[in-house]
Structure formats: structure tokens, C-alpha cells
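To start, the structure itself, in C-alpha cells.
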Amino acid sequence: MANDNRRRPPHGHDPEQARREAARARETRRKHSGSASRNSRSHSTGTRRNDISKKSRYYQVRRQKMFLAAGGILIILVLVIIFSARACISSRKAAEAAALQKAQEEEAAKKAKEEAAAVKDPVSLTLSVVGDCTLGTDETFDYDTSLNACYDNNGKDYFFKNVKSIFEADDLTIANFEGTLTDSDAREDKTFAFKAPAEYAQILTSGSVEAVNTANNHSHDYGEQSYTDTLTALDNAGITHFGYDDTAVMDIKGIKVGLVGIYELKDHLGREQQLKDNIAKVKADGAELIVVIFHWGNETETVPDTNQMTLGRLAIDEGADLVCGHHPHVLQGIETYKGKNIVYSLGNFCFGGNSSPSDMDTMIFQQTFTVTSEGVQADNVTNIIPCSISSADGYNNYQPTPASGDEASRIKSKIEECSAAIPAADSSSATSEGSDSEE
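Just so we're on the same page, this note's numbering is the position in the sequence shown counted from 1, plus 680.
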């Protein structure tokens, strides 16, 4: 019965079949294990491939950026080279243009000089210069005896009627315009202040006066605006004006005439440099003949003071061909200095500043200049035309008139006496005392 207790395979069980099934189970596990291993290896390989691909793209992008940067730098360098080349070309062209312009200017100057040197016939110029012309009145004066009343009653042609033919026959007439042409009411705080409407400038045009000095002690009687108004009125009338630091150069018969106006009352030292500068200025502007006009001196004095003589002679030394002055309201003498004339005071002329002055003597100073390609010649001719500031006896009717007969001789003798009283050039010296002033 013991054998009956041994384990026996279940009924119908085949041991061989069991071994085969166990073997198949092991094989299945082995396959599953191999597949998992292969899958794991495949995953690792894929990951490595992805990493390599990413790195490859990174370096590719980096190379592209480097190429782009290099290309940009190359483009910038090319542009810099192009612009530099253009700048060099432009600079060279500008230099060539400047050199060409300079050569053309030098050639033109040379040609002008040659043309001037080729002039054989001398040019003769006659200049007339007169003294103070106050075309207006002081608002405190009696209207009935004023210049303005004469204008209202007789018109613009009245005033220079008796001297117009003389002025028309010359080449240039110069006067001192002493007053303002303005509507301003801003009167300066002074004893006398003169003004007139702008239309009074036509008195000068009608009388054949071409140029006026405006540097004097009545040019700003109604403030700075009145001076500006005066210059505008003169411009509109076609009258050349000069004075202070404004100079003028006029073309008269092909000769350039430079005009300088200096105001010197109590400021002698300050005027010397201004005089030098202004004469140099008209020279630079091509002036061949230079006239300097001074407003200077002391009222009623018939002999010039040392300041007048110093400045007048300095003007000649600096290149002036003629010097004339006014302000004393009387005639002063004439000095010939280094062969050129200094007329120290021309007195009044058409003077609305006084209806009954004690001295009505005046003159028209004329000088005829001969100008050649070598400059102003020494054989100049002077002509003194004695006049009165009035055509009436005993009062001023504002109509300057040439004197005749004994009256003309008397005035000429007076001028000669005043001229003889002028100290010689080597015995006079300037002082720091200025000329007087007039309100």
C-alpha cells in the first residue's frame, strides 16, 4: 500500500508535454526580455541621434549668423570706402573749383588793371561843396518866418533856384544835411531841434544836389528813428548819403569817388581811428578820388582850432584828395597841405535854423580834378564862388544866391584873411580839448 501513497501524475497527464510547455514559457520570457532590451537600446540610440541633430542645427544656425555678420561688416566697409571716395572726389572738385574761381578773379583783376592802364585820355571832374543845409525848422520858431512857410508858399524849386545852374554844370554837388526828415514827435532834450516832412528831400533833387553828409549834431534831433526816417527819405529821393561809419562810393564819369563823413565835437581822439578806418574802407571799395567831410570846430570862430587842423591834415595823410568842413556857421580859411585843400568851414548855405543870422556870408567851393590811370593829378583847379545865404537884404529868405561886384570881392577878401590866419602845419599841435557842441 506504500506504493499507493506516492504522488502520481494526475490522470491523463503527459510529463513530456509539461516539459515542452515549460520550455516554451522560458523561451517566451527570453523573447520578451530581449525585446525589452532591444527597445531600451533603440530608445537610447534615438535619444543620441536627436541630441546630435540638435547640435548640428545649432552649429548650422551659428555659422549662418556668422556669415550674415561677416556680410554686414563687408557691406559697411564697402559703403565706407564708397563714401570716402566720394568725399575725396567732392573735396578735390571743390578745391579745383576754388582754384579756378581764384584764377578767374585774378585774370579779371589783371584785365581791369590793363584796361585802366590803357586809358590815355584824362578824366576831368568838377565837384561843388556847400555848407549847412537845414531844410526844416524848430517847432518853437515863428511859422511865418520859417523855411516851412517858404516851402508851403513857393514849393520845392524855390530854395536852390539861384544856384541850380551852377550845380547842374558840375559833376557832383555835396552838401551837409543838418536836420531830420521825420514825423516823429520824440524830440530830444536840446535847445534847437530841426525836422521837416520827408517830401522836403525833393528840395535837394530839384536843386541838383546829388550827395549829402549826415554826420552832424542835428541828425538825431528826434531820436534814432528820426535818423532812420531821414535816410529813407533821402534814398527815396535818389540822394546819396554818407556819414559816421557809412561811407559811399559814387561812379562819376567812370571815376569812383569815395565819400567819408566824420562828426567831431568834443571827441577828437576817438575820431582819428574812425577817419583812418573809413578812408581805408572807400579805398578797398575802389575809390580813386576821396573827399572827406567834417562837422567840427567852434561856432562863430573864423580860425580853425587845433583839432580841426590835426584831423584835416591826417585825412590828407591817409589819402583824402579834398577835405571840407562846417558847423561854425561862419566861413573859415582854406589851407593847402601837401598840395591838397582843406576848407575848414563853408558856413551856412540853405539854413532853416535861423531867420535872421548876423553873418550871411557863404560860398560854393569848387574844385576840378584831373584823373588819369596813374591817379589824381596835381594840376587841380579851384574856384571859390562867394554867396549869401539869402537873396533878400537883412533877413534870411532861405534862397542862397551868388554875390556879385563889391560884395563878391568883400567875401573873397574875407576868406583870404581867414586863410592867412591858419598856422603852418609844422607849428600846430592837437590838444585833447574838443570842438564845441550846438544844441
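Virtual Cβ for every residue (Gly too), placed ideally from N, Cα, C.
Values in this document were obtained by computation on a predicted structure and should not be read as measured data.
1. Among 840, 980, 813, 877, which has the Cα closest to the Cα of residue 894?
2. Confirm, please, whether the CB-CB distance from residue 1005 to residue 1025 is below 7 Å.
3. Can you tell me where the alpha helix (DSSP H) holding residue 1091 begins and where it ends?
4. My output table needs one value for residue 1076: the three-state DSSP class, helix, strand or coil.
5. Going by the beta-carbon positions, is the gap between residue 860 and residue 924 smaller than 7 Å?
6. Beta-carbon separation of residue 1009 and residue 1028 under 7 Å?
7. Which two residues bound the contiguous beta strand (DSSP E) that contains residue 931?
8. Quick one: which unbroken beta strand (DSSP E) runs of 3-plus residues sit fully inside the region 950 to 999? Chain order, please.
9. Pick helix, strand or coil for residue 1017, following the three-state DSSP scheme.
10. Assess, as a yes-or-no matter, whether the region 905 to 913 is touched by the region 927 to 938 under the definition of 3 or more beta carbon pairs within less than 8 Å.
11. I need the straight-line Cα distance from residue 910 to residue 862, nearest angstrom please.
12. Evaluate residue 1032 with the Cβ neighbour count: other Cβ atoms within 10 Å of its Cβ, from every protein chain shown; 16 or more gives buried, anything less gives exposed.
13. Does the region 1042 to 1049 come close enough to the region 804 to 811 that 3 or more CB-CB pairs lie under 8 Å?
14. What's the gap between the Cα of residue 1011 and the Cα of residue 1095?
15. In whole angstroms, what is the alpha-carbon distance linking residue 1054 and residue 970?
16. Taking the alpha-carbon positions, what's the residue 951 to residue 997 distance?
17. Looking only at its own chain, which residues have a Cβ that is under 7 Å from the Cβ of residue 687, when we skip the five neighbours before and after it?
18. For residue 809, which beta-bridge partners are listed by DSSP?
19. Specify, as a first and last residue, the run of the alpha helix (DSSP H) that residue 834 falls within.
20. Since residue 895 is in the alpha helix (DSSP H), which residue starts that stretch and which ends it?
21. Residue 791 bridges to which residues according to DSSP?
22. Give the secondary structure of residue 1010 by DSSP, where H, G and I count as helix, E and B as strand, and everything else as coil.
23. Would you call the CB atoms of residue 1002 and residue 1021 closer than 7 Å?
24. Look at the alpha carbon of residue 834 and the alpha carbon of residue 1078, and state the distance between them as a whole number of angstroms.
25. When the distance is taken between beta carbons, is residue 967 closer than 7 Å to residue 917?
26. Pop quiz: residue 942 and residue 891 are said to be a contact at Cβ under 8 Å. What is the actual Cβ separation, rounded to whole angstroms?
27. To which residues of the same chain is residue 1063 closer than 6 Å at the C-beta, ignoring the five residues directly before and after it?
28. Relative to the C-alpha of residue 839, which residue among 850, 851, 826, 762 is closest?
29. Anyone know if the C-beta pair for residue 648 and residue 810 falls short of 7 Å?
30. Under DSSP, the beta strand (DSSP E) around residue 1063 begins and ends at which residues?
31. Give me, in chain order, the residues of the same chain whose beta-carbon lies closer than 8 Å to that of residue 1100; leave out the 5 immediate sequence neighbours on both sides.
32. Whole angstroms is fine: what's the gap from residue 870's alpha carbon to residue 897's?
33. Restricting to Cα atoms, I'd like to know which of 1083, 937, 1106, 899 is closest to residue 815.
34. So, is residue 771 buried or exposed, given that buried needs 16 or more other C-beta atoms within 10 angstroms?
35. Which residue's Cα is closest to the Cα of residue 1074: 1018, 876, 1034?
From the atom records:
1. 813
2. A Cβ-Cβ contact shorter than 7 Å links residue 1025 with residue 1005.
3. 1085 to 1100
4. coil
5. no
6. yes
7. 928 to 932
8. 969 to 975
9. strand
10. no
11. 6 Å
12. Buried.
13. yes
14. 7 Å
15. Annotation: residue 1054 to residue 970 spans about 15 Å, alpha carbon to alpha carbon.
16. 15 Å
17. Model confidence at residue 687 stands at a pLDDT of 48, short of 50, so the residue's coordinates are unreliable; what they give is reported in the following sentence. Within the same chain, residue 687 has no close Cβ partners at all.
18. 854, 1045
19. 827 to 834
20. Element bounds for residue 895: n/a, residue is neither H nor E.
21. None; residue 791 has no bridge partner.
22. Of the three classes helix, strand and coil, the one that applies to residue 1010 here is coil, per DSSP.
23. yes
24. 11 Å
25. no
26. Not a contact, Cβ separation roughly 15 Å.
27. 1046
28. 826
29. Any property of residue 648 remains undetermined from this structure, which presents the chain solely from 681 to 1119.
30. 1061 to 1068
31. 1013
32. 11 Å
33. Among 1083, 937, 1106, 899, the Cα nearest to that of residue 815 is on 899.
34. Around the beta carbon of residue 771, fewer than 16 other beta carbons lie within 10 angstroms, which makes this residue exposed.
35. 1034
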